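Going from the sequence shown to our numbering is simple: count from 1 and add 4.
Glycine included, each C-beta is placed from N, C-alpha and C at the ideal position.
Keep in mind it's a predicted model, so treat the numbers as computed, not measured.
Input: a single structure, listed below in C-alpha cells.
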Amino acid sequence: MLQTPRAESAIGQIVPAHPGCLIFIGSRLVFSDWILRVASEETGDMPVHRMEKPDPARLRELTGREGLRVAFIDESFVDELLVRLDASDRAFSKLRWVLAYRTPASARRIFALRESRPSVRSLFFLPMNAPIDSWVPMLKLILAGDFFVTGDLACDLCTADPREASALRDAGAEDGPALTPRERQVLALVAEGKRNKCIAFALEVSEHTVKLHLHNAIAKIGVRNRTEAAAWYLTSGVASHG
Numbered sequence: 005m006l007q008t009p010r011a012e013s014a015i016g017q018i019v020p021a022h023p024g025c026l027i028f029i030g031s032r033l034v035f036s037d038w039i040l041r042v043a044s045e046e047t048g049d050m051p052v053h054r055m056e057k058p059d060p061a062r063l064r065e066l067t068g069r070e071g072l073r074v075a076f077i078d079e080s081f082v083d084e085l086l087v088r089l090d091a092s093d094r095a096f097s098k099l100r101w102v103l104a105y106r107t108p109a110s111a112r113r114i115f116a117l118r119e120s121r122p123s124v125r126s127l128f129f130l131p132m133n134a135p136i137d138s139w140v141p142m143l144k145l146i147l148a149g150d151f152f153v154t155g156d157l158a159c160d161l162c163t164a165d166p167r168e169a170s171a172l173r174d175a176g177a178e179d180g181p182a183l184t185p186r187e188r189q190v191l192a193l194v195a196e197g198k199r200n201k202c203i204a205f206a207l208e209v210s211e212h213t214v215k216l217h218l219h220n221a222i223a224k225i226g227v228r229n230r231t232e233a234a235a236w237y238l239t240s241g242v243a244s245h246g
C-alpha cells in the first residue's frame with residue numbers, strides 16, 4: 005500500500021504530507037523570483053505563486069483547486085491581514101499566514117496583539133532582512149509548522165523598561181541600515197562593476213547566495229536595483245568604514 009509522504013524535520017527538506025501550494029503576497033521587489041524558487045525547492049518543488057496584493061477570490065480559488073497551505077504576506081498589507089485573521093473564514097481555516105516584515109517595529113506592534121487578539125496567535129513571522137544563513141532555516145521552520153520568535157520581536161520582552169528598549173532602537177536607527185559583513189562585501193563588489201557569477205567566485209559562495217545577499221541589502225538601504233545600490237555604497241560613506 006502506498007503511503008502519503010510525511011513532512012521531514014525542519015533540518016532537512018520539507019516534503020508536503022498532501023498536495024498543495026504556497027503564495028507570496030507582495031511586489032517582486034519584496035518577493036523576488038529567487039525567494040520563490042528557494043521556497044519551492046524547500047517544499048519538494050511544491051507550486052509557488054505570487055500576487056501583487058491580497059485577492060480573497062484568488063486565494064479561495066487556490067485553496068480549493070491546489071490546496072493552498074501557506075501564505076506569506078508583506079508587512080504593507082498588515083491591516084488587511086488582521087481583518088482576514090479576525091474573519092475566521094472557513095475557506096482559510098487550514099491556511100498558515102506568515103507576516104513577512106522588513107521593519108521590526110511594525111512586526112512588534114502585531115506581535116504585541118497576541119494577548120488581546122486570539123486570532124493573531126496563529127500568525128507566523130518571517131524577517132526578510134535576515135542574513136541568508138539565518139533566513140533559510142527560518143523559512144524551513146515555518147514550512148514545517150514550527151513557531152519561533154526572533155530576537156527583534158522578543159527584545160521588548162527581555163528588557164525591564166520598554167522605554168529603554170525603545171531608546172536603544174532609536175539610537176541604533178541613526179547608524180543607518182544594519183548591513184551584515186557579507187552584504188557589505190557583496191555591495192563592494194557590485195560597486196566595482198562585478199557580475200553575480202564573479203562575486204560568487206570571489207566569495208566562494210553560490211550565485212543564488214549572492215542574489216539573496218544583494219536582495220536583502222537593496223531592501224535595507226531602500227533602493228530599487230543593483231545600479232542604485234552601487235551608487236549608494238560609493239556615496240554613503242560605508243566604503244570608507246570597511
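First through last residue of the beta strand (DSSP E) which encompasses residue i
i, result
"D59", "Per DSSP, D59 belongs to no beta strand (DSSP E) and is neither H nor E."
"A204", "Here A204 belongs to no beta strand (DSSP E); instead the alpha helix (DSSP H) covers N200 to L207."
Identified DSSP bridge partners for residue i
i, result
"A104", "D78 and L130"
"M55", "I29"
"L183", "Looking at the DSSP assignment, L183 forms no beta bridge with any residue, so it has no partner."
Assigned secondary structure, residue i (DSSP; H/G/I helix, E/B strand, else coil)
i, result
"Y237", "helix"
"L72", "strand"
"V34", "coil"
"E119", "coil"
"D174", "Confidence is the limiting factor: at D174 the pLDDT is only 47, short of 50, which leaves the residue's position unreliable, though a coordinate-based value still follows. Reduced to three states, the DSSP call for D174 is helix."
"T231", "helix"
"R112", "helix"
"T67", "helix"
"D83", "helix"
"D156", "helix"
"F96", "helix"
"D150", "coil"
Residue range of the unbroken alpha helix (DSSP H) whose run includes residue i
i, result
"D49", "Looking at the DSSP string, D49 is not in any alpha helix (DSSP H), and its letter there is neither H nor E."
"K144", "I136 to L147"
"N220", "E211 to I225"
message: Would the region 24 to 39 count as touching the region 48 to 65 if we require 3 or more Cβ pairs under 8 Å?
response: Contact between the region 24 to 39 and the region 48 to 65 is established, with three or more Cβ pairs separated by less than 8 Å.
query: Using 8 Å as the Cβ pair cut-off and three pairs as the minimum, do the region 34 to 48 and the region 211 to 220 touch?
result: Because the criterion of three Cβ pairs below 8 Å is met, the region 34 to 48 and the region 211 to 220 touch.
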